[in-house]
Amino acid sequence: MYQNKTIAAIISVRLSSGRLPNKGIIDIYGKTLLERVVINVQKSKFIDKIIVATTTDVNDDRIEELCNKQNLNVYRGSNLNLVKRYKEAAEKYSIDVVVRVTGDNPLTSYEVIDLLIESHFKNNADYSKVKYDRIPIGASAEIISLQAFKTLMDAGIDLSYTEYMTYYFTMNEHIFKVNEIDVPNEFIAPDLRLTVDFEEDAQFVRLIYKKLCVNNNAISLRQVIEFIESNKSLININKQSDKGQKYSKQLLDDITKACKIR
Numbered sequence: 002m003y004q005n006k007t008i009a010a011i012i013s014v015r016l017s018s019g020r021l022p023n024k025g026i027i028d029i030y031g032k033t034l035l036e037r038v039v040i041n042v043q044k045s046k047f048i049d050k051i052i053v054a055t056t057t058d059v060n061d062d063r064i065e066e067l068c069n070k071q072n073l074n075v076y077r078g079s080n081l082n083l084v085k086r087y088k089e090a091a092e093k094y095s096i097d098v099v100v101r102v103t104g105d106n107p108l109t110s111y112e113v114i115d116l117l118i119e120s121h122f123k124n125n126a127d128y129s130k131v132k133y134d135r136i137p138i139g140a141s142a143e144i145i146s147l148q149a150f151k152t153l154m155d156a157g158i159d160l161s162y163t164e165y166m167t168y169y170f171t172m173n174e175h176i177f178k179v180n181e182i183d184v185p186n187e188f189i190a191p192d193l194r195l196t197v198d199f200e201e202d203a204q205f206v207r208l209i210y211k212k213l214c215v216n217n218n219a220i221s222l223r224q225v226i227e228f229i230e231s232n233k234s235l236i237n238i239n240k241q242s243d244k245g246q247k248y249s250k251q252l253l254d255d256i257t258k259a260c261k262i263r
């Protein structure tokens, strides 16, 4: 508990990925991808609970089975409406503030999570994130107060683009207090890709774990960046994964139209 608020990392994960099937349960150096996310996130100083938020799709029965085996809190909700899934998961477990984590980021930085949480409370924010293009792709998280999720659900807007949840907050600063933080220089490496969307990403992350993981403990972002700085050619393993990942103007227009609260 931090400042009398219960904080949970809620990790969204489902197995219906078209680019890398069953991604959440692929092996990353002896653990599933989801387990790697959990190990890193639970190193945070301020997180009280970790909740895995998956869907009611039968394909995700395996996620629930894994969570039960590992004694992890699990919530099953909407397949497509992530705002609804996060809100209901937080309510089920009586959470005040959510650390939003995605299940394809095994090297989510617990150091950055703690910086975000402290800043979120210091600034009495509704939504907090790292400034764009600062840290590696897949290393960050977002901090969102439960009330902000409730406000979105009650706003009567199109929630079919909640995969791009960030925009629902950053495009409504007249409604939400948005807090963007900078990070120490040691964490700045925007060209480094640590998320897992493709097989090349998985290969890259497995190599990092092989070199840096000790006794299945968390790996710090400092360690990762220092390792890659000393072995710069390794980024070639998955540098092509980012190709074609940019949003089209039409998609951005559609997101803007959908998420804006009038």
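So that you can map any letter, position 183 of the sequence shown is 184 in the numbering used here, and since no number is skipped, the others follow by simple counting.
C-beta: ideal position from N, C-alpha, C; glycine also.
- A distance below 8 Å separates the beta carbons of F47 and I118.
- In the structure shown, the three-state DSSP call for Y94 is coil.
- Comparing C-alpha distances from L83 to each of D192, Q224 and T163 shows the shortest one belongs to T163.
- Around the CB of G31, fewer than 16 other CB atoms lie within 10 Å, so the residue is classed as exposed.
- Judged by DSSP in its simplified three-state form, I229 adopts helix.
- If you draw a straight line from the Cα of K50 to the Cα of V39, it comes to about 11 Å.
- In this structure, DSSP gives Y3 an extended state, which the three-state scheme calls strand.
- For S13, the beta-bridge partners assigned by DSSP are A54 and T103.
- Exposed is the label assigned to L252, since fewer than 16 other Cβ atoms lie within 10 Å of its Cβ.
- Secondary structure in the stretch 131-177: the beta strand (DSSP E) runs of 3 residues or longer, each lying completely within the stretch, are 143-146 in chain order.
- Membership of R77 in the beta strand (DSSP E) is indicated by the continuous run N74 to G78.
- In this structure P137 is buried. Its beta-carbon is surrounded by 16 or more other beta-carbon atoms within 10 angstroms.
- Ranking A91, A156, V102 and E112 by CA distance to the CA of L147 puts A91 first.
- For I182, no alpha helix (DSSP H) run applies; the uninterrupted beta strand (DSSP E) run containing it begins and ends at V179 to I182, by DSSP.
- For R194, the secondary structure class from DSSP, reduced to helix, strand or coil, is strand.
- With three or more CB-CB distances shorter than 8 Å, the stretch 98-107 counts as touching the stretch 193-204.
- Judged by DSSP in its simplified three-state form, I118 adopts helix.
- With respect to V184, Y128 sits apart: the two C-beta atoms are not nearer than 8 Å.
- Between the alpha carbons of T57 and N80 lies a gap of roughly 7 Å.
- The criterion of a C-beta distance shorter than 8 Å is not satisfied by R20 and I29.
- DSSP places K32 within a strand segment (E or B) once states are collapsed to three.
- At a Cβ-Cβ threshold of 8 Å, S45 and Y87 do not count as neighbours.
- As the crow flies, the alpha-carbon of G157 is around 12 Å from that of Y169.
- Close CB contacts of C214 within its chain, under the 8 Å cut and outside five residues either way in sequence, are with Y30 and I220 (chain order).
- For F205, the uninterrupted alpha helix (DSSP H) segment begins and ends at E200 to L213.
- Taking all protein chains in view, the Cβ of M166 is crowded by 16 or more other Cβ atoms within 10 Å, so the residue is classified as buried.
- Assignment of I8 by DSSP, reduced to helix, strand and coil, places it in the strand class.
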